[in-house]
Amino acid sequence: MEKKYWKGLDELNNEAEFVKQNQNEFAESIPKVLTQESLESNTHRRDFLKILGFGIGAATLASCEAPVRKTIPYLIKPEEVNPGEANWYASTFADGSEYSSILVKTRDGRPIKIEGNTLSSVTKGGTSARVQASVLSVYDSTRLKGPKAGKSDISWEDADQQISQKLADIAAKNGKIAILSASIISPSTQSVINDFISKYPGSKHISYDAVSVSGIRAANKESFDMEVIPSYLFNKAEVIVSLGADFLSTWISPVEFASQYAENRKLRNKNTMSKHIQFESTLSLSGSNADERYTHKPSELGSVLLNLYNKIASQTGGPSLQAPACRLSEAINKTAQELLAAKGKSLVICGSNDPSAQMIVNAINSLLGNYGNTINLDSPVYVNQGDDAALATLVEGMKKGEYSGLILYKCNPLYSYPNTNDFSEGLKKVGLKISFSEKWNESSDMMDYSCPDHNFLESWNDAEPKAGHYSLAQPVIAPLFNTRQAQESLLKWSGNTSDFQTYIQEYWKANFFSRQEKFATNEDFWVQSLQDGVFEMASAESKSYQSKGDVNVAAAKLSKMTSADLELVLYVKTGIGNGEHAGNPWLQELPDPISKVCWDNYASISPQTAEKLNLVQTQVINIESNGKTIKLPVFIQPGQANGTVAIALGYGRSIGKEGKIIGVNAYPMAGISNASLVFSGSAVKVTKTSDENYTLASTQTHHTMMGREPVRETTLAEFVKDPKAGNPLELITTANGKKRPEELDIWATASNPGFEKPNHKWGLGIDLNACIGCGACVVSCSAENNVPVVGKDEISRTREMHWIRIDRYYSSAAAETDRIGLESPTADPDKLEVVFQPVMCQHCNHAPCETVCPVAATMHSSEGLNQMAYNRCIGTRYCANNCPYKVRRFNWFKYSDNNMFDYQMNDDLGKMVLNPDVVVRSRGVMEKCSMCVQRIQAGKLKSKIAGRRPVDGEIQTACAQSCPTHAITFGDFNDTASAVGSDLKAPRSYYLLYELNTQPSVFYQTKVRNKAKEAKSEA
Amino acid sequence: MQESKLRETLVLGDKSYHDITEDICRPIEGKPNKYWWIAFAISFCMFLWWAVCLSYTIGTGLGVWGLNRTVGWAWDITNFVWWIGIGHAGTLISAVLLLFRQKWRMAINRSAEAMTIFAVLCAATYIIAHMGRPWLAYWALPLPNQFGSLWVNFNSALVWDVFAISTYFSVSLAFWYTGLIPDFAVIRDRAKTRGRKIAYTILSFGWIGTAKNWQRFEEMALVLAGISTPLVLSVHTIVSFDFATSLVPGWHTTIFPPYFVAGAIFSGFAMVQTLLLITRKVLTLENYITVYHVDMMNRIILITGSIVGVAYITEFFMAWYSGVKYEQYAFLNRMAGPYWWAYWSMMTCNVITPQLFWFKKLRESLVATFIISIFVNIGMWFERFVIIVTSLHRDYLPSSWTMFSPTWVEVGLFVGSIGLFFTCFLLFARFFPVIALSELKTILKTSGSQSKKGTTDHE
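Line by line, the protein sequences are chains A and B. If you want this note's numbering, it's the position in the first sequence, counting the first as 1, plus 3. If you want this note's numbering, it's the position in the second sequence, counting the first as 1, plus 175.
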């Protein structure tokens, strides 16, 4: 029986009085507030205090007002929109110079993220930084809000009426109208333009690419009678020789090329790879990935090409050509040997816009039998159709007053045409000038009407990037402003009242439905194509061709290239491109893959040339070329050809509401020679100015590995001999011999192996041989994870917020013990080697950050993720100090709703791009890569609903998804069949800073260079 | 005649008990002189500037400092450690020297303890200010809460720091205040105005000077001294753990605790010298704070300075001996990297200048002592700057290497914290007895020394 204890004798006796006293829970009576009884009786001191306390508390609480956030529920909910659930739509990005088949993620009816469409055989799910960033452009508050006549607003009805009237007048007078556009790869749009032209006979459509490759088309016309850009098949080439073509970054179809290129560079279960030799003047992204790289001045291109041609011709029986002596003859001999050894499996490309140079390239490829193998002339590429000659004729014609109307579509000649004076002079003689530009740009100033086009995410469209490869674009958001799709305007003005969506559907029905057999009805065909985003027909059989045409004339032209002490090179940066997207803060904040500088262009000069000219870093100089002068800061760029000054195009444009100009426009420095745009080779004069040194914002200020080996490297020869070459296990010397770091663990012992990860153990594998350093992952991560843009000032204080960065190291010629000498990169530009390494949070299983946080705001999940609880963080920054990878990012300021950071997070429109699954961090907290935990959770949920385990590859982090070369692999180490699991066991795999025993969840695979000689003692 | 040599006279000028009371109460009871006003005006302006810089930092964000993604701590933690180190001399003088019965401490312990309190106060402001969200600083305390099962991370050296500093501050304050009680009672008893009487009555906690009062006072002092003594060693040991338990090359060394403690005492005594040399002049206390005191403290500076010097050299030896490339580079970078000037300032000020105290002449020269004490103060600031910034700015991955330069806000906060310190110290000198007068009276030799006057051989 249970024992009973009494509190006292009273309780034991249990007298009536005691029972009565204790029948209430509280001995004293509870104060009765505001009852009749209490109001009449005397208030006790305690009661008074209680009531007072309650009263003050209640009054204070009532006076605290929580901010009111209004959400408006759907009155009638659209069937397909579910709050909290993402919808994906297949679409197409095509801006004339670049194409990508994409999937657009929308949340609550607004696009928030773009990813590659794996169904496309052209881009194979890859994207570039520009494609990734384009989702932000739709929310650009500087877009035109409606049509304008001159500078004043007008309604569409009035605009249509006035324009139709004027067009009719022109037609009545048999006037000529020119439509000047960027390359149009949309068959339906082309058809609309053709309709328009047929309505106004005498009209012309001219394609104009700011950065033109029309030399290739011109040369192919001469060599093969085909005015096309062929398909290049880098995956079939064993030897790739690029003469200044930055095919991994900006040349023709970089996303497609990068994925083909990587196919032959990856060493997963094989030990052969392609050899890539680059001759160039600047250090390009492609050049930095090359196995061998040689530099020359632009004027030396002719001699390099002709000597290469002669070497190959002498072995293949081609006619030899007059060739000037060349400084690089040894390199050319070696290159020729490599090419000859891989006849029919090699590829020579050239980035020059000079048709003569391209003719020689054609001849070389022809001698090597590459047509039909690595080059497919029968499957032409339709991006970059720009025709320099037609453009020159147009400008001439305008100046003569031959044109009565000009329509600008996706192009901005008053910004990008080298001779803007000529163009504007001609423009003054044109009666009717209309622009479809989405934003008010440099050309808009001279336009009679601005009829803003929809953003591509608000539009219907189609595209044919390559013969037989079609894709569709569909609107993923209702038009944000009073804009109208350019095609619809053209249709309207040519008297067609159908909308463009119907037009495309009709066009597809008429042209493509009949060319397939899979679908019986057009309805099915259309729906499926729209859902897939692509419709592809078998590529035309690649036939072999022999180049014709007189190479002697071309050779004569080339050998006459004049050289100068200092020559100009105009190049295009991976992020900013031709300047079309320069107003996109994500792209401006993306560091240039090579220089790591953001928010500016500059005059790149090699270290030796800078020394010769007595110039120092960031000194402001005047650069004079082609009769134009611009002022830019000096940037000393290792690996650049001596005797050159390189300037990036695409700058000098405005960004943001205040219209801040970023960088300097270098297009005026370009030349026009024989109706071709010439971007390099003209003589430059550099003079110093008395201006103060300029600040260039750079995310990486130290450029060599200092004898450490964050990037492990070997050569193919060594790798074939020993797959662990260049990747020795780092052991720690102890009194009991050498030990693996994990054996010296003070936490985990044999009996206590540490924390278990029973369900999943997520991780990333990064193949450094596949990573080309393009930066698509950086922008993709920013979009996915609401990473703030901080601007130039903050970056110059090295406070960038990117969760993933790409470290770029230059090789150093110094000995490993020479710690001061190791700080300087190799001086000889031909010997400089470059490596890239994407670094994000390594999600260490023994995380140094986790132990030092005083409030446990960062801790480990049972799935191997290092997590940040932003709300718990008090911001001591100890974790960042203790992170050996330096991947933690601190919110130095409030980056949203702050006029100091007037980017997308400072206006309601821009904020629509934010991912609702990821919190916007407040000031004073630490943040870092979460390994896209929101995507992991979504993927787990999906598989849970389906009642299965997540399948390998089903869940992808943003960085892995966007990578055009699939260098980043995400997966579960606990899944024995996963790609990361098997890659980790490969001999090339290693952990970054393994010796610290942080036990990361991210591993890397060694970089292998395909070259004969031993790996340079890198530093 | 053979007799044992008399001990050094600690109070000069043939003072009587009454003289001591008069001398020490004079600054409190009289009007402050113009030097006090000038010093106070300057300090108070600096203090106001500190308030401006602090408000700006907290209002705008830590971005107004010069920190960046690689260097997450710089002047903030440098100043924190510097101030904490300075405080150590006070505790050493009042606690350790009490236990060792070093009577000479009695002339200086009061002001040294005051210095401790104010220095720890200054240090504490940096703990709060360096946080990204200072309004949540209390989350670093293990307070029961309703945020869920949130608790502090006892693995983190920063949590140990919170305990160390708060314990240090509270014990030092108690110790200091206990010592002040009998002296407050003296002032109370001499007070002529009503306000003064009330104030000092409250402050003296009803002290009446009975034998029981004194007995408890002595016991209390002994107990607090006993508690304080380990703190002299533990506080800076724990501060050094902030660095030693991390894995940053240049921080991760086992020598840090003794090296930091020696450095703290070193810098603390230098600051005591700086302060007392001014105080004795301004408050005309030359007879109480004598050359003998200065000499004694200089000896401690010499010893601790040498320990610090040996520690610097040991670090270099260990970097070489360990064979760890990162650590080797970290130390090479200290010496010859972009912050070489900070390193060599530190070496000059901390290792070379204190060695001058081997010369008795310099040890007893007030001018030389003052100059060298300033050098040591500067050197010890640079020591922390070198440890923090040069280790962080180039750690493991060269891609993240960068430089740090302070903004006007950081400079303002440092200069301002000196203002805060001196404002407190000057108010202390004005309202509190700067010398423990009741304690001092216990070492006043009256009859014996008077009678032997002229026959003893003073040195």
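From the three backbone atoms N, C-alpha and C, an ideal C-beta is built for every residue, glycine too.
Check: What are the residues in the region 400-423 of chain B lying within 9 Å of chain A by C-beta distance?; Outcome: Asp-417, Thr-420, Ser-421, Leu-422 and Val-423
Check: With 8 Å as the C-beta to C-beta threshold (strictly closer), list the residues of the region 876-907 of chain A near chain B in chain order.; Outcome: Cys-876, Ile-877, Gly-878, Thr-879, Arg-880, Tyr-881, Ala-883, Asn-884, Asn-885, Pro-887, Tyr-888, Lys-889, Arg-891, Arg-892, Phe-893, Asn-894, Trp-895, Phe-896 and Lys-897
Check: Of the residues A:Ala-982, A:Glu-520 and A:Arg-743, which one's Cα is nearest the Cα of A:Arg-271?; Outcome: A:Ala-982
Check: Where A:Ile-280 and A:Pro-588 are concerned, what is the direct C-alpha to C-alpha distance, given to the nearest angstrom?; Outcome: 34 Å
Check: So is B:Leu-242 in contact with chain A if we call contact Cβ pairs under 9 Å?; Outcome: yes
Check: What residue range is occupied by the uninterrupted beta strand (DSSP E) comprising A:Ile-823?; Outcome: Unbroken run through A:Ile-823: none, as it is neither H nor E.
Check: What are the boundary residues of the alpha helix (DSSP H) that includes B:Gly-354?; Outcome: 332-365
Check: Looking at the unbroken beta strand (DSSP E) that takes in A:Lys-403, where does it start and where does it end?; Outcome: It is not in any beta strand (DSSP E) - A:Lys-403 carries neither H nor E in the DSSP assignment.
Check: Helix, strand or coil, according to DSSP, for A:Gly-354 in the structure here?; Outcome: coil
Check: Can you pull the chain B neighbours of A:Gln-703, defined as C-beta to C-beta under 7 Å?; Outcome: Ser-574
Check: Return yes when the Cβ of A:Ile-105 is within less than 9 Å of the Cβ of A:Lys-413, no when it is not.; Outcome: no
Check: Which same chain residues end up closer than 6 Å to B:Phe-444 when comparing Cβ atoms and leaving out the 5 residues on each side of it in sequence?; Outcome: Ala-264, Met-472, Ile-475 and Ile-476
Check: Does the region 513-531 of chain B come within contact of the region 557-564 of chain B, defined as at least 3 CB pairs closer than 8 Å?; Outcome: yes
Check: Hey, how far is the Cα of B:Glu-634 from the Cα of B:Ser-230?; Outcome: Confidence at B:Glu-634 is low in this model, with a pLDDT of 40, below 50, so the placement of that residue should be treated as unreliable; the coordinate-derived value is given next. When rounded, the distance between both Cα atoms is 54 Å.
Check: Could you check if A:His-763 is buried or exposed, using at least 16 other CB atoms within 10 Å of its CB as the buried criterion?; Outcome: buried
Check: I need the DSSP call for B:Ala-374, collapsed to helix, strand or coil.; Outcome: helix
Check: Determine which residues of the region 239-268 of chain B have a Cβ less than 9 Å from any Cβ of chain A, and write them out in chain order.; Outcome: Val-239, Trp-240, Gly-241, Leu-242, Asn-243, Arg-244, Thr-245, Val-246, Gly-247 and Trp-248
Check: Can you tell me whether B:Asp-358 is buried or exposed, with buried defined as 16 or more other CB within 10 angstroms of its CB?; Outcome: buried
Check: Using a Cβ-Cβ distance cut-off of 9 Å, determine whether B:Gly-587 contacts chain A.; Outcome: no
Check: So for A:Glu-160, helix, strand or coil by DSSP?; Outcome: helix
Check: Please report the Cβ distance between A:Glu-853 and A:Met-862, rounded to the nearest whole angstrom; I am assuming they are in contact, meaning their Cβ atoms lie under 8 Å.; Outcome: 6 Å
Check: State buried or exposed for A:Val-619, treating a residue as buried only when at least 16 other CB atoms are found within 10 Å of its CB.; Outcome: exposed
Check: Shortest alpha-carbon distance to A:Gly-498 belongs to which of A:Gly-684, A:Asp-198 and A:Pro-887?; Outcome: A:Asp-198
Check: Quick one: which chain B residues come within Cβ less than 8 Å of A:Tyr-997?; Outcome: Those do not exist, as A:Tyr-997 stays about 12 Å from chain B at its closest Cβ, beyond 8 Å.
Check: Who are A:Asp-425's beta bridge partners in DSSP?; Outcome: A:Asp-425 is not bridged to any residue.
Check: Starting from A:Val-782, follow the alpha helix (DSSP H) in both directions and report where the run begins and ends.; Outcome: 779-787
Check: Between the region 916-930 of chain A and chain B, which residues of the former have a C-beta closer than 7 Å to a C-beta of the latter?; Outcome: Arg-926, Gly-927 and Val-928
Check: Among A:Asn-869, A:Leu-52, A:Phe-237 and A:Thr-253, whose alpha-carbon lies nearest the alpha-carbon of A:Val-386?; Outcome: A:Thr-253
Check: Which residues of the region 560-572 of chain B have a Cβ closer than 7 Å to any Cβ of chain A? Give them in chain order.; Outcome: Leu-567, Asp-570, Tyr-571 and Leu-572
Check: Taking only the alpha-carbon atoms, compute the straight-line gap between A:Gly-408 and A:Lys-169 and give it to the nearest angstrom.; Outcome: 9 Å
Check: By Cβ distance below 8 Å, which residues in the same chain neighbour B:Arg-391 in space, the five residues on each side in sequence not counted?; Outcome: none
Check: Roughly how many whole angstroms lie between the Cα atoms of A:Pro-761 and A:Leu-868?; Outcome: 13 Å
Check: Assuming A:Leu-987 contacts A:Gly-768 under a Cβ cut-off of 8 Å, what Cβ separation, rounded to an integer in Å, is found between them?; Outcome: 7 Å
Check: Compute the Euclidean distance between the alpha carbons of A:Tyr-595 and A:Asp-770, then round it to the nearest angstrom.; Outcome: Note that residue 595 of chain A is Asp in the sequence shown here, rather than Tyr. So the alpha carbons of these two residues sit roughly 21 Å apart.
Check: If you measure beta-carbon to beta-carbon, which residues of the region 853-871 of chain A are closer than 7 Å to chain B?; Outcome: Thr-854, Val-855, Cys-856, Pro-857, Val-858 and Ala-859
Check: Are the CB atoms of A:Thr-1009 and A:Ala-728 nearer to each other than 9 Å?; Outcome: yes
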